[in-house]
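For reference, the structure is listed below as structure tokens.
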């Protein structure tokens with residue numbers, strides 16, 4: 010029952026406010042509306058919002074910069090290893106080089122290269 014009384018009091022206060030002049034209850038309301046409806050003020054606010062968005066982008070880029078560098082190092086290492094493996098495969102297939110190797114060495118190198126390239 011107390012809840013119903015609170016609701017009724019609230020509704021009565023809304024009715025009183027809606028019948029009264031709202032600018033008298035909130036004197037700063039007209040000033041705020043006028044200020045923020047003025048095109049120059051809106052432009053200032055939009056400029057500030059744009060600068061904030063740019064700052065967010067820059068901060069996020071900085072946050073991920075270390076991760077990007079670490080990933081780039083891993084990719085470069087992967088590429089270097091792959092290039093080395095292909096060079097080894099080509100050397101093992103070269104007759105000048107294989108003439109200097111034993112059959113066991115040649116097989117072990119071929120196996121290592123094949124395992125890496127698969």
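In the numbering used here, the protein residues as written are 10 to 127. C-beta atoms are modelled at their ideal positions from N, C-alpha and C, and glycine is treated no differently. Owing to the predicted nature of the structure, the values given are computational and were not obtained by experimental measurement.
According to the DSSP assignment, residue 94 belongs to the alpha helix (DSSP H) that extends over 48-102. With respect to residue 126, residue 94 sits close: the two C-beta atoms are nearer than 8 Å. The alpha-carbon separation between residue 18 and residue 40 amounts to approximately 30 Å. As the crow flies, the alpha-carbon of residue 52 is around 10 Å from that of residue 46. Setting aside the 5 residues that flank it on each side, residue 100 is surrounded in the same chain by 106, each with a C-beta closer than 7 Å to its C-beta; the list follows chain order. Taking a contact to require three or more Cβ pairs closer than 8 Å, the stretch 78-97 and the stretch 115-125 qualify as touching.
Shown here, residue 107 sits in a helix according to DSSP, grouped into three states.
Within the model, the alpha-carbon separation for residue 58 versus residue 87 is close to 43 Å.
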